[in-house]
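Q:
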Ligand SMILES: NC(=O)C1=CN([C@@H]2O[C@H](COP(=O)(O)OP(=O)(O)OC[C@H]3O[C@@H](n4cnc5c(N)ncnc54)[C@H](O)[C@@H]3O)[C@@H](O)[C@H]2O)C=CC1
Ligand SMILES: O=C(O)C1=N[C@H](C(=O)O)C[C@H](O)C1
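Residue numbers (full-length UniProt numbering): 1 to 264.
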């Protein structure tokens, strides 16, 4: 039995994660950490009446009072990092879907996890299809090195570009030399028209109501184009990956960044 605490239980992802953990017999949801309702039970919260799970606003207090093996964090970048540090202090293994971490954050958190010999996992995207899209993009980039990434999300999203787009660009840059794309003399008539730049690749972020999470990676070559695309139509699409991460983190020592490291 893996004892789990979920941070951000009223969010889009948190709600789905609560359902998944409740459904899986190998998991036990011990508590949730929320921004409000401290001391209440989820039974007392509208729409969550079937759950007998305590709510804490303070993560340290939560870990002092309930047994926890894995913290699932689905909040915001600043909060996610604080929660990870607290989890490390209590010997709890974090599984983090929250996006917006900087390279420095990941480096710092990796060092702490290594020093404490504690498993930790940060996954910018838990959807298996999106992980495959990243892997296929890395494969294609060896042969077609002119690349533009177009990510599309709902308009409640805080970070841009998405964690998935950044991770995709990082994975591609492992096999691709940095190079400037487009015309050497190109000029933006409107600032931002060519999108963000990552080692010469371009990343474009679309935010519209009605969207969930979508990404296209376009490769251009002489007389040809390759388009790889993934769509998450709902948040349930992320849950098999969250489940896999909770199982896997129990056997890790140190921090793994990206589900691509454990899906082969
Ligand atoms: N890795 C993945 O596959 C996915 C990652 N995400 C990421 O997960 C995060 C959450 O996304 P959504 O659920 O769509 O956002 P959301 O805004 O619906 O939910 C975030 C929740 O976190 C809560 N929260 C914020 N600060 C908190 C604190 N200090 N303590 C406890 N709870 C706190 C908020 O009250 C809110 O309920 C974002 O960073 C998003 O980019 C989203 C979808 C998939
Ligand atoms: O905020 C979201 O919704 C998502 N965030 C993650 C990201 O930034 O890549 C994963 C997925 O795209 C949904």
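Ideal Cβ positions, reconstructed from N, Cα and C, are used throughout, including at glycine.
Relative to ligand 2, is the shortest distance from any of its heavy atoms to the C-beta of residue 154 smaller than 7 Å?
A: True, at least one ligand heavy atom lies under 7 Å from that Cβ.
Q: My output table needs one value for residue 112: the three-state DSSP class, helix, strand or coil.
A: Correct three-state label for residue 112: helix.
Q: Do you know whose CA, among 31, 74 and 65, lies nearest residue 55's CA?
A: Of the listed residues, the one whose Cα sits closest to residue 55 is 31.
Q: Please list, in chain order, all residues of the same chain as residue 263 whose beta carbon is under 7 Å from its beta carbon, the five residues on each side excluded.
A: Answer for residue 263: 128 and 131, listed in chain order.
Q: Counting along the chain, where does the beta strand (DSSP E) carrying residue 22 start and finish?
A: Run containing residue 22: none in the beta strand (DSSP E); it sits in the alpha helix (DSSP H), 12 to 23.
Q: Please report how far the alpha carbon of residue 71 lies from the alpha carbon of residue 222, in whole angstroms.
A: Looking at the two C-alpha atoms, the distance is approximately 48 Å.
Q: Comparing alpha-carbon positions, which option in 186, 209 and 23 lies nearest residue 239?
A: Checking every option, the nearest Cα to that of residue 239 belongs to 23.
Q: Is the beta carbon of residue 149 sitting closer than 8 Å to the one on residue 165?
A: Yes; because the gap between Cβ atoms is below 8 Å, this pair is in contact.
Q: Distance, Cα to Cα, residue 90 vs residue 35?
A: Going from the Cα of residue 90 to the Cα of residue 35 covers about 20 Å.
Q: Excluding the 5 residues flanking residue 230 on each side, which residues of the same chain have their C-beta closer than 6 Å to its C-beta?
A: Excluding sequence neighbours, residue 230 sits near 129, 130, 133 and 215.
Q: So within the segment 148 to 207, which uninterrupted beta strand (DSSP E) runs reach at least 3 residues, ignoring any that extend past its ends?
A: You should have 196 to 198 and 201 to 207.
Q: Of all the options 256, 235 and 168, which has the alpha carbon lying nearest to the alpha carbon of residue 245?
A: The shortest C-alpha separation from residue 245 is found at 256.
Q: Can we count residue 163 as close to ligand 2, meaning its CB is less than 7 Å from some heavy atom?
A: Yes, the Cβ of residue 163 comes within 7 Å of a heavy atom of ligand 2.
Q: Going by the beta-carbon positions, is the gap between residue 74 and residue 8 smaller than 8 Å?
A: Yes, the pair counts as a contact, with Cβ atoms nearer than the cut-off.
Q: Let's see if you can read the secondary structure: which residues bound the beta strand (DSSP E) around residue 6?
A: Residues 2 to 7.
Q: Considering only their Cβ atoms, is the gap separating residue 4 from residue 27 smaller than 8 Å?
A: The answer is yes: Cβ separation under 8 Å.
Q: Candidates 80, 195 and 200: which alpha carbon is nearest residue 206's?
A: Ranking the options by Cα distance to residue 206, first place goes to 195.
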